[in-house]
Structure formats: C-alpha cells, structure tokens
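> Residue numbers for the sequence shown follow full-length UniProt numbering, beginning at 1 and rising by one.
For glycine and all other residues, C-beta sits at the position ideal for the given N, C-alpha and C.
Since the structure is predicted, the reported quantities are computational estimates derived from the model, not experimental observations.
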Amino acid sequence: MPPAASPVDASSCPVTPVCPVKPETPPEAPPAPAYVAAEWEALPQWRSDRIEEAWPGLIASCKAMRAPTIKAAWQEVCDAARALGDKPGAEAMRSFVESRLRPLELNNADGTKEGLITGYYEPLILGSRWKSAKNAVPVHAVPDDLLQLDLGEVYPETKTLRLRGRIEGRKVLPYWSRAQIEAKGDAFPAKVLLWAQDPIDFFFLQVQGSGQVQLSDGSRVRIAYADQNGHPYKSIGRWLIDQGELTLPQASAQGIQKWARENPQRLSELLNVNPSYVFFREEASNGEGPKGSLGVPLTAARAIAVDPRSIPLGVPVFISFTMPDGKPMQRLVMAQDTGGAIRGRVRADFFWGFGAEAGKLAGQMRQQGRIWVLWPKDAPLPVVDGVKPAA
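1. If you follow the beta strand (DSSP E) that residue 138 is part of, which residue opens it and which one closes it?
2. Verify whether the separation of the beta carbon atoms of residue 333 and residue 304 is less than 8 Å.
3. Please name the residue, chosen from 35, 165, 156 and 318, that lies closest to residue 142 on a Cα-to-Cα basis.
4. Run the CB neighbour count on residue 352, radius 10 Å, all protein chains shown included, and call it buried at 16 or more, exposed below.
5. Note down the Cα distance separating residue 371 from residue 133, rounded to an integer number of angstroms.
6. Residue range of the alpha helix (DSSP H) that residue 40 falls in?
7. What does the alpha-carbon distance come out to for the pair residue 198 and residue 337?
8. What's the C-alpha gap between residue 229 and residue 88?
9. What is the rounded straight-line gap between the Cα of residue 86 and the Cα of residue 274?
10. Output yes or no for whether 8 Å exceeds the beta carbon distance between residue 298 and residue 64.
11. Do the stretch 270 to 284 and the stretch 92 to 103 make contact, defined as three or more Cβ pairs closer than 8 Å?
12. Taking DSSP's pairing of strands, which residues face residue 195 in a bridge?
13. With burial defined as no fewer than 16 other Cβ atoms inside 10 Å of the residue's Cβ, what is the status of residue 173: buried or exposed?
14. So which of 126, 144, 359 and 28 has the shortest CA-CA distance to residue 189?
15. Per DSSP, what kind of secondary structure is residue 297 in: helix, strand or coil?
16. Answer with buried or exposed for residue 378, where buried requires no fewer than 16 other C-beta atoms within 10 angstroms of its C-beta.
17. What is the rounded straight-line gap between the Cα of residue 381 and the Cα of residue 288?
18. With a threshold of 16 other CB atoms inside 10 Å of the CB of residue 104, please say whether the residue is buried or exposed.
19. What are the uninterrupted segments assigned as beta strand (DSSP E) that are 3 or more residues long and contained completely in the stretch 289 to 356, given in chain order?
20. Are the beta-carbon atoms of residue 149 and residue 126 separated by less than 8 Å?
21. Compute the Euclidean distance between the alpha carbons of residue 317 and residue 237, then round it to the nearest angstrom.
22. Does the structure place the stretch 338 to 348 close enough to the stretch 107 to 114 that three or more beta carbon pairs sit under 8 Å?
23. Please report the residue range of the alpha helix (DSSP H) in which residue 74 lies.
24. What are the boundary residues of the beta strand (DSSP E) that residue 226 is part of?
25. Give the straight-line distance between the Cα atoms of residue 7 and residue 31, rounded to the nearest whole angstrom.
26. Classify residue 256 as buried or exposed, calling it buried when 16 or more other Cβ atoms lie within 10 Å of its own Cβ.
27. Exposed or buried, which one is residue 261 when buried takes at least 16 other CB atoms within 10 Å?
28. Check for me: the beta strand (DSSP E) holding residue 210 runs from which residue to which?
29. Can you name the residues that DSSP bridges to residue 182?
30. Determine, for residue 196, whether the minimum Cβ-Cβ distance to residues of chain C falls below 8 Å.
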C-alpha cells in the first residue's frame, strides 16, 4: 500500500496545475467625499421656486438646532435671518440665501449623485377613548420597563444607534418585538392612550411616526412619536414581493392595504414581519403640522426626513426628483425629521402633509433624486461617515 499523501499547503506551493492560486484581493476604494461644491446655476429651477414658503421653516430650525457644532456654524446666519423678519419677500430671501450660503451637492459613498426619495404624510385614522369590539387596537404610550441605553462613551460605534432594552434578573435584554408586544395583550406594561379601529391603518400611522385619530364624537386627537422598541424597521412591502404576493409596482401603501384587507387571516403574519414598534404621546395640534425629530412643526411639501449622519438636522436643502406622474419636483425644503428607514447619504423622505390626498402622493413615491445642502459660506463643514468633505 502506498503511503498516504500529505495535505497540500497552498500558501507555500509553487504555481502548478495541482496547486491552487490564492487570488489577490483588490484594496477597497475610499468612500467619495460627501459634499462637493456647486454653483447656484446647477440647482434645477432654483430661481423659479417660491422659496419664501420655506422661510418659516428656516426660522423654526434656527430656534431648534441643538448640536453644538451645527448651532455654532449657523449662529451668525440665523441671527441675520431673524433680523429680516417673518415675511421678507421672495427676492429678499433669495438674496439673503445666495449671499450667506453656498450649495453643496451630496454624493453617495460610491461617488454617484442620485439616491432614493420616498414620501410620508400625517394620516387620519378612526378610534375611541374606550376599548370596544369596534375599537380594539391599543395605542400605547412609552412602556414603564423600556430602557434607553447609551453606550457611546464606551462603544463609539453605537452613538448613532437607537438602543432600547429591558431588565430580566441581572441581564439587560433587547426590548420586546412587535410580535411579542402583541402576544402580551392587556398584560403589556404600558398605558393605552386610545383604541384604534383598524390594525392596518394604525400600522401605517406607526410607520409615518405621527397622525390624528378621529373619535366617535367627531373630535380629533394628534398622537406624536414618543419612542420606539429599538428593533430595526423591516419593509412589509418587500416581504410581500419576496413571497410572490405582490409585484414591485403593486407594493405601494395602497396596494399593501388592499392585500391586507383581502387576506385578514394573514394580517398578523404580515405586520409581525416588521419587529419595530412605535410608542406615542398626545400632542396639541394648534393648526400646525406634526413635529419632526427636530421638535418643530413640519410644513407640507417643505420638509424632509434625512439620515442625520449625512445631513445635519435643521439645515436647508434643495431637492430635485421626478414625481410618479412625470412632473418635476424641485424646491427648497428643511431637514427637520428622521426615520427608521432613512439611511444613507442621498436619501430623503418628503413630507406631503395631512390627509388622504397627501397619503396617496406619499404612497406612490419611490423616486430617484439629487440633494444639495445649503451651508454657511465661512463655516467648517461637518464630517460625514468619518470622511472630511472636499469642499
């Protein structure tokens, strides 16, 4: 019997037909600079936009900017903006913006300029102050046992994460998922603010982050985002596509709602695909829009939700995309909100306002678009994803 062959050490083997060649791994290209300087003429239809409609949002942002470096960068500009008053007029505002700010086009890490633009709105759903067979879906306040975990000083990579947990014995565990919360029923340790009538309508209100509830006496209550269970958002539309239940064009908000109502026996299965769960607080409306993450009321079609790791909250942004019906949308908006699904550089969620028509527009949107951040001329730019801007 011949002796057993020794295993081949590929790392020391000469290049022959019996020896594998270790492939070389090309070095990863560094991410492209986030901000690239642009001229005002590069902003499509900049001079045609009624930018005075965004002025109240700019003044509101100036009052609400909290990050020390961002607040310092904008202090002089904001002081000058307040001195102009509440209604400076279109030409005065345009002159102010062009003389004090500079447009910076936002690029993706791979250097491309276009990204996903979706839409959101403030829905109206039906509900009651009391539970009944008709109104049986709980609208929960922040639970008593929900922990907010801040590990940023020890683990800097967690600074941008929303960490939530609960204590079990001597352990801190992830907070309950949507399916676990639903399974607990009345034993779930959170105050019930209201009882919603339709579970799919309430699910979409959670996705939007705020909304209004019309009570049986005709009055309305606004419920605003208060906290979240820490689980990542997962798209039920994508799940329906992967299951072969809907095609991509069918997976709009309206298409998902239609499927849910035609398949009530699978509703829990569908909703529990998304483990994220939002908790609310009641909030006075005062005739204004809902408050975004910046804490100021959002103006319909003049506010967006962004990833604050790429676009600082509070800053003016010029956005350009094509609507689903083919019409161009090019206008000045304010970055005043965030969202669990809004991740990446050239990525925004366009706020359409309140009600069914706004919901129809928002539900159809999955557009490609471009973004320019307007930034004080003499202020240092923020670092994005650890990359120093080139501009």
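Reading off the structure:
1. To locate residue 138, count along the sequence shown from 1; it is residue 138. Looking at the DSSP string, the run of the beta strand (DSSP E) that includes residue 138 is 137 to 140.
2. Taking the first residue of the sequence shown as 1, we reach residue 333 at position 333. Taking the first residue of the sequence shown as 1, we reach residue 304 at position 304. Inclusion of residue 333 and residue 304 in the CB contact set at 8 Å is warranted, their separation being smaller than that value.
3. Against the sequence shown, residue 142 aligns to sequence position 142. The residue among 35, 165, 156 and 318 with its C-alpha nearest the C-alpha of residue 142 is 165.
4. For the purposes of this step, residue 352 is taken as the residue at position 352 of the sequence shown. Residue 352 should be labelled buried.
5. Here residue 371 corresponds to residue number 371 of the sequence shown, with the count starting at 1. Here residue 133 corresponds to residue number 133 of the sequence shown, with the count starting at 1. Across the structure, residue 371 and residue 133 are spaced so that their CA atoms are roughly 47 Å apart.
6. By 1-based counting over the sequence shown, the position of residue 40 is 40. Counting along the chain, residue 40 sits inside no alpha helix (DSSP H), nor does DSSP assign it H or E at all.
7. Position 198 of the sequence shown holds residue 198. Position 337 of the sequence shown holds residue 337. Near 26 Å, if we compare the C-alpha coordinates of residue 337 and residue 198.
8. Within the sequence shown, numbered from 1, the residue matching residue 229 stands at position 229. Within the sequence shown, numbered from 1, the residue matching residue 88 stands at position 88. Rounded to the nearest angstrom, the gap between the Cα atoms of residue 229 and residue 88 is 43 Å.
9. By one-based count along the sequence shown, residue 86 stands at place 86. By one-based count along the sequence shown, residue 274 stands at place 274. Rounded to the nearest angstrom, the two C-alpha atoms are 42 Å apart.
10. If you number the sequence shown from 1, residue 298 lands on position 298. If you number the sequence shown from 1, residue 64 lands on position 64. Taking the C-beta atoms as reference points, residue 64 is found no nearer than 8 Å to residue 298.
11. Not touching, per the Cβ criterion.
12. As a working note, residue 195 is residue 195 in the sequence shown. DSSP lists 128 and 138 as the bridge partner or partners of residue 195.
13. The residue you call residue 173 lines up with position 173 of the sequence shown. Exposed, since its Cβ has fewer than 16 Cβ neighbours within 10 Å.
14. Taking the first residue of the sequence shown as 1, we reach residue 189 at position 189. Among 126, 144, 359 and 28, the Cα nearest to that of residue 189 belongs to 144.
15. Position 297 of the sequence shown holds residue 297. Strand at residue 297.
16. On the sequence shown, residue 378 is found 378 positions in, with the first residue counted as 1. Exposed is the call here.
17. Looking up residue 381 in the sequence shown gives position 381. Looking up residue 288 in the sequence shown gives position 288. One C-alpha to the other measures close to 32 Å.
18. For the purposes of this step, residue 104 is taken as residue 104 along the sequence shown, with counting starting at 1. Burial call: buried.
19. DSSP runs (the beta strand (DSSP E)) wholly in the stretch 289 to 356: 303 to 305, 316 to 322, 328 to 337 and 348 to 354.
20. Here residue 149 is taken as the residue at index 149 of the sequence shown, counted from 1. Here residue 126 is taken as the residue at index 126 of the sequence shown, counted from 1. Against a cut-off of 8 Å, the Cβ pair of residue 126 and residue 149 comes out as no contact.
21. Here residue 317 is taken as the residue at index 317 of the sequence shown, counted from 1. Here residue 237 is taken as the residue at index 237 of the sequence shown, counted from 1. If you draw a straight line from the Cα of residue 317 to the Cα of residue 237, it is about 29 Å long.
22. They touch, by the three-pair rule.
23. The residue labelled residue 74 in the question sits at position 74 within the sequence shown. In this chain, the alpha helix (DSSP H) harbouring residue 74 covers 68 to 84.
24. Against the sequence shown, residue 226 aligns to sequence position 226. 220 to 228 is the span of the beta strand (DSSP E), which, as asked, contains residue 226.
25. Counted from its first residue, the sequence shown places residue 7 at position 7. Counted from its first residue, the sequence shown places residue 31 at position 31. Because residue 7 sits at a pLDDT of 48, beneath the cut-off of 50, its placement in the model cannot be relied upon, and the point is left open.
26. As a working note, residue 256 is residue 256 in the sequence shown. Classified as buried, residue 256 has 16 or more neighbouring CB atoms from the shown chains inside 10 Å of its CB.
27. As a first step, residue 261 must be located in the sequence shown, where it is residue number 261. By the neighbour-count rule (16 or more Cβ atoms within 10 Å), residue 261 is not buried but exposed.
28. For the purposes of this step, residue 210 is taken as the residue at position 210 of the sequence shown. Start and end: 210 to 214.
29. Taking the first residue of the sequence shown as 1, we reach residue 182 at position 182. According to the DSSP secondary-structure assignment, residue 182 is paired through a beta bridge with no residue.
30. The structure shown contains no chain C; it holds only a single protein chain.
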